[in-house]
Amino acid sequence: MTDLLYCEVEEELRASVRALLRDRVDLSRVEGPEPVDLKLWRTLAADLGCAGLPVAEEAGGAGATWRETAVVMEELGRAVAPVPFLGSAVLATAALPAGDPLLAQLASGARSAALAVPLSTVPMPTGPMSTGNGLRWTVSARDGRLDGEVTTVADALTADVLLVPTVEGLFAVEGTAVVRTAVVSFDLTRPIADLAFREAPGRLVAGDAGPLVARALVTGAALLASEQLGIAEWCLETTVEYVKTRRQFARQIGSYQAIKHRLADLWVSVTQARAVARYAADCLATDDPDLPVAASLAQAFCSPVAIRAAEECVQLHGGIGFTWEHPAHWYLKRARANAAALGSPTRHRALLAELVDLPA
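When we follow the working numbering, the leftmost residue of the sequence shown carries the number 283, and every step to the right adds one.
Set out below in C-alpha cells:
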C-alpha cells in the first residue's frame with residue numbers, strides 16, 4: 283500500500299534544507315549578471331548531499347530514494363531558489379546509466395550537468411519523424427563529434443557537462459566545447475539557454491538514448507509536481523498570515539466571508555495536490571509501473587493549482603502584492619513557467635487519456 287505521509291527522515295531533511303534556503307536565498311541577485319547562485323548550489327549539492335539522494339551508495343550517492351529528492355524539490359519551490367537542481371540532480375542524474383562515472387561526480391556535487399532537450403519536452407508514445415518513444419533529436423554524431431542545435435535547455439548555462447541525445451546514442455559533452463546563448467526567460471530564477479554544437483567532442487554514454495531520456499523526462503515531470511506543491515504551499519501560508527493582520531474598514535480582511543471561501547477552496551486544492559505529488563514521487567521511488575500515469579496526473583493537476591495559488595497570493599495581498607518589492611511575483615513567474623515545462627497540463631491530460639486507454 284502506498285504511504286503518502288512524510289517519514290521522520292524526510293521531515294529532518296526538510297528542516298535542514300528549509301533552514302539553508304531561508305538563510306541563503308537572495309532573490310535580489312536574480313536580476314544581476316549571475317542569476318544562478320552557484321555557492322548556494324554547492325552547499326545544497328555537496329555539503330548537504332542533496333544531489334546524490336537517489337543515487338546508490340556504491341555509485342557514490344546517499345542511497346536514499348526519489349521520495350527524499352521530492353522533499354528537496356518541494357522546499358526549492360517554497361523558496362524559488364535559483365539553483366540548477368532540476369537540470370542536474372533530477373534530469374541529468376535520471377538520464378545516466380548506473381555504472382557511468384559521471385554519476386558519482388554529479389552525486390557528490392563536484393560537477394553539474396544538464397540534459398540537452400528543450401524544457402517543454404514530454405515523452406510521447408508515438409509520433410512521426412521521431413526517435414525512441416516519440417522523442418526527436420536535433421543533434422547528430424559522427425566519429426564522436428557532435429553537430430546541431432538544441433533550444434531552451436534548462437540549467438545549461440552553468441552546467442559543467444551536457445548530456446546530448448542523438449540517433450547514435452547519448453553523449454556527454456564538456457560545457458566548454460559548446461556555444462551557449464542565454465535566452466530571456468519568463469522565470470529568471472531558472473535560466474534557459476540555446477546550445478550550438480560544432481564538431482564538439484563527446485563521450486558515448488549509451489548506445490540508445492531514447493529509453494534513458496524518456497525515463498529522465500518522466501522523472502522530471504513527477505518531481506516538478508513537488509516543486510509546484512511547494513510554490514502553492516508558500517503562497518497559501520503567506521496569504522493566510524497576511525489576511526490575518528491586514529485591516530480594512532476596522533476589520534481584518536480575513537474575517538470577510540468572500541476571503542475565507544477563496545482561501546478554503548485553495549487549501550482543499552493544495553491538500554489534493556500534495557497527495558497527487560506524493561503519489562508520483564512514491565511511484566518513482568518504488569519503480570511502480572503506474573509511474574507514467576502518476577507523473578502525467580501530477581502535472582495535469584499540480585500545474586493549475588500552483589498558478590491559482592500564486593494568483594490568489596498576488597491579488598489578496600492587494601497593492602503590495604503587485605509591486606516588485608514583494609516576492610509574490612517570483613512565485614507567479616515560476617508557477618507559470620513550470621506549467622509549460624516538461625509538458626503543459628493540456629498535453630499531460632491528453633497523454634493521460636492515452637495511457638489509461640480512454641476512447642478518443
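Using N, Cα and C, we set each Cβ at its ideal position, and we do this for glycine too.
C-alpha distance - residue i paired with residue j, whole-angstrom precision
i: S370; j: L511; result: 20 Å
i: P379; j: A338; result: 12 Å
i: V461; j: P609; result: 33 Å
i: V372; j: T501; result: 7 Å
i: K615; j: W606; result: 12 Å
i: D476; j: R528; result: 45 Å
i: P317; j: R472; result: 8 Å
i: E357; j: F468; result: 21 Å
i: D490; j: E450; result: 7 Å
i: T463; j: L397; result: 16 Å
i: L499; j: V404; result: 6 Å
i: G414; j: A459; result: At G414, the pLDDT of 45 sits below 50, so the modelled position is not reliable; the number obtained from the coordinates is stated separately. Answer to the nearest angstrom: the Cα atoms are 26 Å apart.
i: L637; j: P574; result: 8 Å
i: V455; j: W549; result: 45 Å
i: A582; j: E523; result: 28 Å
i: E391; j: P483; result: The residue asked about is misnamed: residue 391 is Gly in this sequence, not Glu. One C-alpha to the other measures close to 24 Å.
i: E481; j: V435; result: 19 Å
i: A377; j: L545; result: 39 Å
i: I661; j: Q539; result: Because residue 661 is not part of the residues shown, which for the chain are 283 to 642, the question remains open.
i: K542; j: L286; result: 28 Å
i: A301; j: G426; result: 44 Å
i: A503; j: G492; result: 16 Å
i: L322; j: V299; result: 11 Å
i: E431; j: W419; result: 9 Å
i: A228; j: L634; result: Absent from the structure is residue 228, since the part of the chain shown begins at 283 and ends at 642.
i: L494; j: L417; result: 11 Å
i: A567; j: A496; result: 16 Å
i: L385; j: A297; result: 26 Å
i: G600; j: Q387; result: 47 Å
i: V596; j: D570; result: 38 Å
i: E519; j: D547; result: 13 Å
i: V399; j: P383; result: 22 Å
i: T433; j: G314; result: 23 Å
Beta-carbon proximity list for residue i, same chain, < 6 Å, skipping 5 on both sides
i: G334; result: G343, A344, A389
i: A346; result: L335
i: C332; result: L326, V354
i: A592; result: C517, Y613, L614, A617
i: D429; result: S422, F479
i: R306; result: L322
i: R485; result: A454
Exposure label - residue i; buried when at least 16 CB within 10 Å
i: C289; result: exposed
i: I589; result: buried
i: P447; result: buried
i: V487; result: buried
i: T375; result: buried
i: R556; result: buried
i: F479; result: buried
i: L640; result: exposed
i: F367; result: buried
i: V558; result: buried
i: R424; result: exposed
i: V552; result: buried
i: V312; result: buried
i: V466; result: exposed
i: I602; result: exposed
i: D437; result: buried
i: T408; result: Note on T408: pLDDT 39, under 50, position unreliable in the model; the coordinate value appears next. Exposed, by the Cβ-count rule.
i: G381; result: exposed
i: E340; result: exposed
i: G359; result: buried
Own chain residues within Cβ distance below 7 Å of residue i, not counting five before or after
i: E350; result: E292, L295, L335
i: D276; result: The chain is shown only over 283 to 642; residue 276 falls outside these bounds and no answer can be derived.
i: D572; result: C565
i: A622; result: S402
i: N620; result: L506, E509, Q510, S585, A588
i: R324; result: G391
i: F604; result: V596
Contact belief for residue i with residue j at Cβ below 8 Å, rounded distance in angstroms
i: T521; j: L598; result: 5 Å
i: R361; j: L303; result: Here the sequence assigns Ala to residue 361, which means Arg is not the residue at that position. About 4 Å; that satisfies the 8 Å criterion.
i: L452; j: L445; result: 6 Å
i: A514; j: W348; result: At roughly 20 Å, the Cβ-Cβ gap does not stay under 8 Å, so A514 and W348 are not in contact.
8 Å CB neighbourhood of residue i in its chain, flanking five on each side removed
i: L309; result: V362, P364, T471, P609, W612
i: Q534; result: V525, K526, T527, R528
i: Q554; result: F583, V587
i: L330; result: S298, V299, L302
i: D319; result: R306, V307, D308, R311, A363, P364, V365
CB contact below 7 Å: residue i versus chain B
i: I513; result: Within the model displayed, chain B is absent; a lone protein chain is all it includes.
Whether or not the stretch 572-591 and the stretch 626-642 are in contact is what I'm after, with contact meaning three or more pairs of Cβ atoms, one per stretch, closer than 8 Å; do they touch? yes
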